[in-house]
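Since the structure comes first, as structure tokens, the remarks are kept for the end.
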Amino acid sequence: MYVDNYLDGGYHVPHLHKGLATVIDNTAYAIETGERWCVQSSPLACAPRPGGDEVTAAVRRGERAFYAWLYPNFMINAYEGVLDTNLVVPLGVDRTEVIFDYYFADGAEDSVARNLASIAVSERIQDEDVAICESVQRGLASRSYDSGRLSVRREAGEHLFHRLLHADLKDGGVPGGPPDLPPAMATAPGEFL
Ligand SMILES: [Fe+2]
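Following our numbering, the residues of the sequence shown are numbered contiguously, the last one being 1357.
See the structure below:
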């Protein structure tokens, strides 16, 4: 559920992340996929749109936001000067633990307040994601639930995840395989930011 939500191509951003939605251009969301990875990215506004979220804008800077996923359960989220990772650990068919780590380009003492503000914004966004994941998880148990079609334009990453997971579960194997990193991450990690 967590991975599905992550790979929905920004579908849920305007509805769920009202603050974040005022600083990214969701209409220009880009999605690139490889054999076992997906990078979603979006242009960032220099300043929030009128009436937007100044707190989020102050710590979500740069030209683009990057959201990279490596099959099956690892994400890297990068903005200018800040990067966080999400390791998704399945605990059961309806329970997941997500481990977060944060990295900042500037760890100087006078940047601590800003870095903590960045973590607070991240935690608020993640709380919003947890709420929607729990809601969808409850919905899946409903007798009225039925599967639907994925969006060709928005949900290429989600489709890739489903295909890889289906293949691994069908074969009874363990998800994994040789590293297949996005070119930007494999060749120029500095430029990826
Ligand atoms: Fe989200």
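Glycine included, every Cβ here is placed at the ideal spot set by N, Cα and C.
In the three-state DSSP reduction, residue 1206 falls in the strand class (E or B).
A Cβ-Cβ separation of about 14 Å leaves residue 1296 out of contact with residue 1171 under the 8 Å criterion. Judged by DSSP secondary structure, residue 1256 falls outside any alpha helix (DSSP H) and instead within the beta strand (DSSP E) spanning 1246–1256. Between residue 1198 and residue 1346, the C-beta gap is smaller than 8 Å, which places the two residues in contact.
For residue 1187, the number of other beta carbons within 10 angstroms of its own is at least 16, and it is reported as buried. Proximity to residue 1266 across 1204, 1281, 1174 peaks at 1281, based on C-alpha coordinates. Taken in chain order, the unbroken stretches of alpha helix (DSSP H) that lie wholly in the segment 1231–1314 and span 4 residues or more are 1276–1304. Pairing residue 1245 with residue 1206 gives a Cβ-Cβ distance that is not under 8 Å. If the five residues before and after residue 1273 are omitted, its C-beta is found closer than 6 Å to no C-beta atom of its own chain.
Residue burial annotation: residue 1287 is exposed, with fewer than 16 other C-beta atoms found within 10 angstroms of its C-beta.
Distance from the CA atom of residue 1193 to the CA atom of residue 1166, rounded to whole angstroms, is 20 Å.
Residue 1258 places its beta carbon less than 8 Å from that of residue 1301. In the three-state scheme derived from DSSP, where H, G and I count as helix and E and B as strand, residue 1228 is classed as strand. Per the coordinates, the alpha-carbon of residue 1335 lies some 47 Å from the alpha-carbon of residue 1219. Counting along the chain, residue 1331 sits inside the alpha helix (DSSP H) bounded by residues 1320–1335.
Around the Cβ of residue 1235, a 10 Å sphere holds 16 or more other Cβ atoms; the residue is buried. Minimum Cα-Cα distance from residue 1325 among the listed residues 1316, 1237, 1242 corresponds to 1237.
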